[in-house]
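K.L.:
Take a look at the following structure, please.
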Amino acid sequence: MTQALRKRSSPAATARLVPAVALDQASIVEAYRRWAGVYDTVFGGISSKGRLRAVALANRLPGQDVLEVGVGTGLALPHYNRDKRITGIDLSKEMLRKARERTRKDDLVNVQALHEMDAEATAFADASFDTAVGMFVASVVPNPKRLLAELRRLVRPGGDILLINHFAAASGPRWWLERAMAPGSRALGWHPDFAMDAIFSADDLARIEADPVPPFGIFTLVRLRV
């Protein structure tokens, strides 16, 4: 599944390192409060292949303790193997309410807990999980590099960090469209112009495995071994 990633060094690439509009926690919470009631209908379908691909990889990896960051309404929860112990976190209480309803309705006994929690500063002890899965969250948090540092802290040595996310195109019409959408980041609740450089260091970019996911490669599944 490995895809070669070259270090970007052009002026245009440097401009893509940081999204044009910063998100703060309050705008994220408000955006997902609005999205909660229609999230599954509006976003569930287009993101389903990426979500299922991330869960399938998590299911194949060793270890039982899985942290799902950005668990949202719990769309991924029914797809984990029952021998995986799942802990989910999200910043939106409205989204978590739906995730808890799904857990009860589907009798997901392997879901250990669902917490309202800041992914950049969790309450978990070091090395609490074998795998951390970030579901469409990298382009949402205010400080992506802080998120990655927190996930490194939480994952045991030899474990894996999996991120399924939209990453901005390197060039072409899609890149221009993403830049045009960027001022609407606060209303959308995510960064259309989010580049891999905004979360991964140069060393990380040399080591990650990245797999474009249908439809049209809008989303990418990234694996980083800890």
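When you number the sequence shown by my numbering, it's gap-free, plus one each residue, and the end is 233. Glycine is no exception: its CB is placed at the ideal position from the N, C-alpha and C atoms. None of these values were measured; they are calculated from a predicted model.
Just to confirm, are residue 75 and residue 95 a CB contact at a threshold of 8 Å?
P.N.:
Residue mapping note: residue 75 aligns to position 68 of the sequence shown, counting from 1. Residue mapping note: residue 95 aligns to position 88 of the sequence shown, counting from 1. Cβ distance < 8 Å, so residue 75 and residue 95 count as in contact.
K.L.:
How far does the beta strand (DSSP E) with residue 72 in it extend, from its first residue to its last?
P.N.:
Residue numbering aside, residue 72 sits at position 65 when the sequence shown is read from its first letter. Residue 72 -> beta strand (DSSP E) spans 72 to 76.
K.L.:
Considering only the beta carbon of each residue, do residue 228 and residue 61 sit closer than 8 Å?
P.N.:
Translated into the one-based positions of the sequence shown, residue 228 becomes position 221. Translated into the one-based positions of the sequence shown, residue 61 becomes position 54. Yes, the pair counts as a contact, with Cβ atoms nearer than the cut-off.
K.L.:
Going by beta-carbon coordinates alone, are residue 129 and residue 118 separated by less than 8 Å?
P.N.:
Taking the first residue of the sequence shown as position 1, residue 129 is located at position 122. Taking the first residue of the sequence shown as position 1, residue 118 is located at position 111. No. Outside cutoff.
K.L.:
Which runs of the alpha helix (DSSP H) at least 4 residues long sit entirely within the stretch 106 to 170? Give them in chain order.
P.N.:
151 to 161, all fully within the stretch 106 to 170.
K.L.:
With residue 63 as the anchor, note down where its alpha helix (DSSP H) starts and where it stops.
P.N.:
Looking up residue 63 in the sequence shown gives position 56. Here the alpha helix (DSSP H) through residue 63 covers 55 to 67.
K.L.:
Straight-line CA distance for residue 188 to residue 173?
P.N.:
Against the sequence shown, residue 188 aligns to sequence position 181. Against the sequence shown, residue 173 aligns to sequence position 166. Only weak support is given to the placement of residue 188: the predicted model assigns it a pLDDT of 40, under 50, and the value that follows is read from those uncertain coordinates. Distance between the alpha carbons of residue 188 and residue 173: 14 Å.
K.L.:
Residues bridged to residue 230 by DSSP?
P.N.:
Taking the first residue of the sequence shown as 1, we reach residue 230 at position 223. Per DSSP, 169, 216.
K.L.:
Quick one, which of 148, 108, 107, 171 has its alpha-carbon nearest residue 224's?
P.N.:
Residue 224 sits at position 217 when you count from the first residue of the sequence shown. Residue 171 is the option with its Cα nearest to residue 224.
K.L.:
Check this for me: beta carbons of residue 137 and residue 166, under 8 Å apart or not?
P.N.:
One-based indexing of the sequence shown puts residue 137 at position 130. One-based indexing of the sequence shown puts residue 166 at position 159. Yes, they are a contact pair.
K.L.:
Taking the straight line between their C-alpha atoms, what separation do you get for residue 120 and residue 106?
P.N.:
Position 113 of the sequence shown, counting from 1, holds the residue named residue 120. Position 99 of the sequence shown, counting from 1, holds the residue named residue 106. Going by the C-alpha atoms only, they are around 11 Å apart.
K.L.:
Just to confirm the assignment, what range does the beta strand (DSSP E) spanning residue 93 have?
P.N.:
Taking the sequence shown and counting its residues from 1, one reaches residue 93 at position 86. Looking at the DSSP string, the run of the beta strand (DSSP E) that includes residue 93 is 92 to 97.
K.L.:
Please classify residue 164 as buried or exposed, where buried requires at least 16 other C-beta atoms within 10 Å of its C-beta.
P.N.:
Reading the sequence shown from its first residue, position 157 is the one you call residue 164. Answer is exposed; the Cβ neighbour count stays below 16.
K.L.:
Identify whether residue 209 lies in helix, strand or coil by the three-state DSSP scheme.
P.N.:
Numbered from 1 along the sequence shown, position 202 holds the residue referred to as residue 209. Residue 209: helix per DSSP, three-state reduction.
K.L.:
Check whether the Cβ atoms of residue 145 and residue 168 lie closer than 8 Å to each other.
P.N.:
Your numbering for residue 145 matches position 138 in the sequence shown. Your numbering for residue 168 matches position 161 in the sequence shown. Going by C-beta atoms, residue 145 is not nearer than 8 Å to residue 168.
K.L.:
Considering only the beta carbon of each residue, do residue 123 and residue 97 sit closer than 8 Å?
P.N.:
Taking the first residue of the sequence shown as position 1, residue 123 is located at position 116. Taking the first residue of the sequence shown as position 1, residue 97 is located at position 90. Result yes, Cβ atoms of residue 123 and residue 97 sit closer than 8 Å.
K.L.:
Spatial neighbours of residue 152 within its chain, please: C-beta separation below 7 Å, excluding the five flanking residues on both sides.
P.N.:
If you number the sequence shown from 1, residue 152 lands on position 145. Cβ neighbours of residue 152 beyond the five flanking positions: 206.
K.L.:
Is residue 104 helix, strand or coil when you go by DSSP?
P.N.:
Position 97 of the sequence shown holds residue 104. Three-state DSSP puts residue 104 in a helix.
K.L.:
Where residue 81 and residue 57 are concerned, what is the direct C-alpha to C-alpha distance, given to the nearest angstrom?
P.N.:
Indexing the sequence shown from 1 puts residue 81 at position 74. Indexing the sequence shown from 1 puts residue 57 at position 50. Spanning the two alpha carbons is a distance of roughly 14 Å.
K.L.:
Taking just the CA atoms, how far does residue 125 sit from residue 101?
P.N.:
In the sequence shown, counting from the first residue as 1, residue 101 sits at position 94. In the sequence shown, counting from the first residue as 1, residue 125 sits at position 118. So the two alpha carbons sit approximately 15 Å from each other.
K.L.:
Considering only C-alpha positions, which residue in the set 73, 77, 87 is nearest to residue 148?
P.N.:
By one-based count along the sequence shown, residue 148 stands at place 141. Checking every option, the nearest Cα to that of residue 148 belongs to 77.
K.L.:
Excluding sequence positions up to five away, which residues of its chain have a Cβ less than 7 Å from the Cβ of residue 86?
P.N.:
If you number the sequence shown from 1, residue 86 lands on position 79. For residue 86, where only same-chain residues beyond five positions count, the Cβ hits under 7 Å are 59, 62.
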